[in-house]
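Notes to accompany the following structure.
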Amino acid sequence: MKFSTDHFLYGGDYNPEQWLSTPEILEEDIILMKQAHVNAVTLGVFAWSALEPSNDEYHFEWLERIIDRLYENGISVILATPSGARPKWLAQRWPEVLRTDAFRRRALYGGRHNHCYSSPVYRKKTAQIDRLLAQRFGRHPAVILWHVSNEFGGECHCALCQQSFREWLQARYGTISRLNEAWYTLFWSHIYDSFDDVESPSPLGEEHLMGLNLDWKRFVTERTGDFLAHEIHALREGGARQPVTTNFMYDYAGLDYQKLSDLVDIVSWDAYPLWHSAPDARIAAECALQHDRMRSIRKGPFLLMESALSSTNWQPVSRLKRPGLLQAQGLQALAHGSDSILYFQMRQSRGASEKLHSALIGHSGTGDTRVFYEAAQTGLALQQLRELCGTQAPAHAAVFYDTQNRWALEGSEGPRNAGIYYRETVQKCYNALRRLGLNVDVLDQTQPLEGYHIVAAPMLYQLRGDIVERLCEFVERGGSLLCTALTGVTDDSDLCFLGATPYGMTELLGLQRTEVDALYDGESNTLVRQAADTTDFAPVYRCSRLCELIKLSSAKPLLVYGEDFYRGTPAATISQYGRGFAFYLSADAEDSCFNDLLRFIALRAQLPIRFPQGLPEGLELTERIGPQGSYIFLQNFSNASQPVPTLPAAQFFWGTRGPKNVDLLSPFDTAIFKLPASEAFDENNKGVSVL
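First residue of the sequence shown: 1, per the UniProt record's numbering; consecutive thereafter.
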């Protein structure tokens with residue numbers, strides 16, 4: 001089942017159960033939400049104790065009244081299952097529903113993410129209330145989407161989960177000897193005699209078998225996915241016919257979201273970047289990558305399920321969003337493929353943890369606030385941008401950001417335990433492509449590579465499945481591939497490959513790795529361009545943290561090391577393979593090196609690059625394409641005004657400040673330009689416009 005909407009959803013989490021004793025507030029909320037152009041709210045996320053105050057005693061009447069009132073006022077409902085926060089009576093009666101930590105301690109009641117996904121009792125009770133909710137609201141015209149649980153995360157080490165883990169391992173390996181081989185348990189004499197001997201990783205026991213650690217993380221994803229599927233099944237049993245989703249989180253590495261994506265009908269996620277904690281241009285680029293990651297999971301529109309209107313309550317410092325950022329952050333989500341801007345929360349709580357988290361309606365209970373005004377302006381903008389809803393954001397360039405590879409890299413002991421900087425390296429590749437004005441997909445290594453001209457696969461340490469064959473085929477067909485240090489080191493059990501590395505790619509890359517030098521914080525080396533007369537690269541770049549020593553076969557050097565005993569040896573290379581080219585960067589280089597190298601790659605690939613010299617720092621260009629044309633978003637996340645670059649054949653469509661003064665973007669301004677369909681589509685480039 002596919003979720004689609006003909007208008008952008010605007011609104012967010014609403015918790016009317018907190019205000020049942022003051023019905024006049026509920027009526028005021030609807031009036032204010034309409035003034036802010038809210039058309040959708042999420043209900044029931046934390047309402048279990050109000051829906052079932054004691055075992056098998058259900059009170060859905062209040063929820064139905066509110067859903068009816070919202071529907072009468074043109075506000076749709078995303079209805080949550082309440083499993084994200086269980087009531088106290090449930091934990092008191094059945095302590096098994098509470099999690100056990102890695103130290104084997106059963107948690108007390110409290111918090112939110114504190115329930116065991118293996119518990120038969122918890123599964124029975126969640127299925128029971130889910131079925132009843134589906135029976136009551138599964139055909140209600142206001143309910144457009146089911147929101148299953150909330151921000152899945154965490155793990156449980158109880159006896160039930162241990163047994164489920166052993167069963168999962170037995171299904172994966174078949175025999176204990178195969179498990180021992182995959183985990184390399186001969187090391188330190190840690191051989192297992194039986195699957196019954198296996199325990200999950202623990203500081204009290206085993207946590208130095210990388211294969212165990214990886215499989216435990218995979219199992220946690222499997223358990224979570226199984227629980228998600230269990231809830232969806234209960235909704236379907238109860239008669240729910242609406243699509244389902246669950247909200248993923250910002251750069252969360254606890255779960256492999258690619259594995260969960262097939263269970264939902266549309267990807268949704270919660271974006272809470274740390275605005276103003278660093279230059280906003282940097283924060284915006286990091287958030288853009290996360291948006292593109294969510295879009296790329298299913299290669300289509302997604303939903304921004306939560307974001308903050310202004311300050312949060314849980315970040316180290318809760319800064320107010322500066323004027324204009326509320327709208328700019330929402331429109332950034334739209335630019336990258338979201339069909340919604342949804343917030344937490346509609347009305348500010350009076351007490352407990354999130355009482356100081358920003359909201360559409362604050363404690364004053366009025367619309368006479370800066371935040372409310374900016375939110376209302378954003379809601380109005382979405383109405384004006386309606387024709388963009390459902391359009392796509394296709395990309396010719398892709399960057400790998402692979403969760404299981406991240407687990408393996410960050411869990412490895414060596415070569416640099418003081419920080420391996422995988423995420424930062426991915427971000428450098430992404431930023432370099434984006435500053436050329438390109439849309440970029442952010443992929444798991446298992447996803448198809450067809451349709452891309454450039455693929456950057458930074459630090460692809462762990463090789464799974466047929467990825468080597470697919471990368472070779474991609475380049476042989478004419479694609480351009482960039483690999484970096486620590487590529488092709490281990491298999492999916494974190495066993496090092498024997499023989500030349502990068503494993504299976506030495507012919508493709510035209511080189512092999514010989515050694516890896518890890519640098520201390522504060523140490524650096526230089527990368528010097530090989531050809532002094534070229535303008536493709538700067539004379540010298542800095543690099544730090546990791547410097548690989550490589551030996552070339554068919555590859556040609558582009559940059560060489562400038563210092564240390566490996567001075568003059570190759571550091572960046574190019575190798576022709578079939579009709580394409582494979583590039584290698586063997587050091588953790590500074591941003592400008594990635595920028596120049598990926599510009600060099602893109603120009604050789606003859607991509608339709610709008611800005612070969614790169615967009616100014618903080619200026620983002622993103623494109624959505626639909627039947628009526630191409631919509632080019634320009635957004636300024638820097639702290640200074642930026643001139644609008646020339647976009648031939650494009651006409652002004654919408655802007656923060658209207659059609660006047662569109663030649664200059666102030667901080668947090670957005671301008672959207674449109675190309676007609678006749679100009680926007682280029683069949684030879686699979687739908688990406690050529691400007």
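Note that CB positions come from ideal geometry on N, CA and C, so glycine has one too. Here the structure is a predicted model, which means the values were calculated and not measured.
Report the rounded CA-to-CA distance for residue i versus residue j, giving the unit in angstroms.
i           : j       : result
Leu-438     : Asn-595 : 13 Å
Gln-242     : Val-143 : 8 Å
Pro-612     : Ser-586 : 24 Å
Trp-94      : Leu-63  : 27 Å
His-190     : Leu-212 : 11 Å
Ala-531     : Leu-597 : 14 Å
Asp-591     : Arg-406 : 21 Å
Thr-5       : Asp-339 : 8 Å
Met-294     : Val-267 : 7 Å
Leu-552     : Leu-558 : 12 Å
Thr-81      : Ser-21  : 23 Å
Gly-390     : Gly-11  : 18 Å
Asn-685     : Asp-491 : With a pLDDT of 42 at Asn-685, under the threshold of 50, the modelled position of that residue is not reliable, and the figure given next carries that caveat. When rounded, the distance between both Cα atoms is 35 Å.
Ile-283     : Tyr-192 : 46 Å
Ala-229     : Leu-263 : 7 Å
Asp-682     : Leu-449 : Confidence at Asp-682 is low in this model, with a pLDDT of 48, below 50, so the placement of that residue should be treated as unreliable; the coordinate-derived value is given next. So the alpha carbons of these two residues sit roughly 20 Å apart.
Leu-209     : His-113 : 27 Å
residue 692 : Arg-350 : Here the chain comprises residues numbered 1 to 691, so residue 692 is not present and cannot be evaluated.
Pro-87      : Glu-52  : 8 Å
Phe-248     : Arg-416 : 30 Å
Gly-580     : Gly-205 : 49 Å
Arg-477     : Gly-578 : 7 Å
Gly-367     : Arg-218 : 47 Å
Arg-215     : Tyr-58  : What sits at residue 215 in the sequence shown is Asp, not Arg. For Asp-215 and Tyr-58, the distance between alpha carbons rounds to 40 Å.
Met-459     : Asn-639 : 32 Å
Gly-153     : Ser-118 : 14 Å
Val-148     : Arg-370 : 33 Å
Asp-265     : Gln-258 : 13 Å
Asn-636     : Asn-431 : 15 Å
Tyr-109     : Gln-92  : 8 Å
Cβ atoms of residue j and residue i: under 7 Å apart, would you say?
i       : j       : result
Ala-397 : Leu-433 : yes
Ile-550 : Leu-511 : yes
Phe-652 : Pro-659 : yes
Ala-589 : Cys-543 : yes
Ala-395 : Val-455 : no
Asp-130 : Ala-234 : yes
Gly-84  : Asn-150 : yes
Leu-443 : Ser-296 : yes
Leu-471 : Ala-602 : no
Leu-79  : Trp-188 : no
Pro-239 : Ala-134 : For the sequence presented, residue 239 should be read as Gly rather than Pro. Going by C-beta atoms, Gly-239 is nearer than 7 Å to Ala-134.
Leu-320 : Ser-307 : no
Thr-403 : Gly-330 : no
Tyr-461 : Ala-408 : yes
Which residue's Cα is closest to the Cα of residue i: the options?
i       : options                            : result
Thr-245 : Asp-270, Glu-207, Leu-508, Tyr-252 : Asp-270
Pro-608 : Arg-236, Cys-483, Leu-647, Asp-280 : Leu-647
Glu-387 : Ile-297, Thr-656, Gly-626, Ser-524 : Gly-626
Cys-158 : Ser-358, Met-346, Gly-568, His-115 : His-115
Pro-23  : Arg-65, Arg-370, Ala-582           : Arg-65
Phe-3   : Tyr-184, Trp-216, Ser-177, Arg-298 : Arg-298
Ala-375 : Cys-593, Ala-418, Leu-325, Ser-678 : Leu-325
Ala-582 : Pro-502, Tyr-122, Gly-618          : Pro-502
Asp-101 : Met-505, Glu-155, Glu-72, Ser-641  : Glu-155
Ala-40  : Glu-27, Glu-61, Leu-385, Phe-8     : Phe-8
Pro-645 : Leu-665, Val-148, Ser-310          : Leu-665
Glu-617 : Arg-599, Tyr-109, Ser-641, Arg-624 : Ser-641
Would you please state the rounded distance, in angstroms, between the beta carbons of residue i and residue j? I believe it to be under 8 Å.
i       : j       : result
Leu-342 : Thr-42  : 7 Å
Asp-292 : His-336 : 6 Å
Leu-509 : Cys-547 : With a Cβ gap of about 17 Å, Leu-509 and Cys-547 do not count as contacting.
Gly-488 : Leu-463 : 6 Å
Thr-221 : Tyr-272 : Not really, about 22 Å apart at Cβ, beyond 8 Å.
Gln-327 : Thr-656 : 7 Å
Hey, is residue i's beta-carbon within less than 7 Å of any beta-carbon in chain C?
i       : result
Tyr-422 : Structure shown: chain C not included; a single protein chain is present.
Quick one: any contact between the region 8 to 18 and the region 44 to 56, if contact means 3 or more CB pairs under 8 Å?
Taking 8 Å as the limit for Cβ pairs, the verdict is that the region 44 to 56 does touch the region 8 to 18.
Are the region 625 to 636 and the region 656 to 676 in contact at 8 Å, needing three or more beta carbon pairs?
yes
Quick one: any contact between the region 303 to 318 and the region 254 to 263, if contact means 3 or more CB pairs under 8 Å?
Not touching, per the Cβ criterion.
Three or more C-beta pairs below 8 Å linking the region 285 to 294 and the region 314 to 323:
no
The region 155 to 167 touching the region 193 to 207, judged by at least three CB pairs closer than 8 Å:
yes
Specify whether the region 25 to 35 and the region 351 to 361 touch according to this definition: at least 3 beta carbon pairs, one from each stretch, less than 8 Å apart.
yes
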